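Quick note on the working numbering: the sequence shown kicks off at 29 and runs consecutively.
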Amino acid sequence: MANEKTMFEKYRTEKCLCPNCKKDYIIPFKAKADKAHSFYCPKCNYEVHQAPAINID
Ligand SMILES: [Zn+2]
């Protein structure tokens, strides 16, 4: 889970190549990058979704 969070921080703050086709950049889906929880690749339509943060005490 920590890795996923780091991954999304990267998507939000820098251009990241699509891990699927590696030919285009992952871009935020219907949101500004700093708020986006979904990103997609316009080249191959690969999608990534961040699960909502759940804190368990
Ligand atoms: Zn792609």
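All C-beta atoms in this analysis are idealised placements derived from N, C-alpha and C, irrespective of residue type, glycine included.
Note that the structure is predicted; figures quoted are calculated from it, not measured.
Any heavy atom of ligand 1 within a distance shorter than 7 Å of the CB on TYR74? To locate residue 74, count along the sequence shown from 1; it is residue 46. TYR74 Cβ: within cutoff of ligand 1.
Burial state of PHE36, where buried means 16 or more other Cβ atoms lie within 10 Å: Position 8 of the sequence shown, counted from the start, is the residue given in the question as residue 36. PHE36 comes out buried.
Report whether the distance from the Cβ of ASN83 to the nearest heavy atom of ligand 1 is below 7 Å. Numbered from 1 along the sequence shown, position 55 holds the residue referred to as residue 83. Answer for ASN83: no, Cβ out of range of ligand 1.
Taking a contact to mean a Cβ-Cβ separation below 8 Å, would you say TYR68 touches ILE84 in this structure? Within the sequence shown, numbered from 1, the residue matching residue 68 stands at position 40. Within the sequence shown, numbered from 1, the residue matching residue 84 stands at position 56. Contact: no.
Hey, out of HIS77, THR41, TYR74, whose CA is closest to ASP62's CA? Taking the sequence shown and counting its residues from 1, one reaches residue 62 at position 34. The residue with the shortest Cα to Cα distance from ASP62 is THR41.
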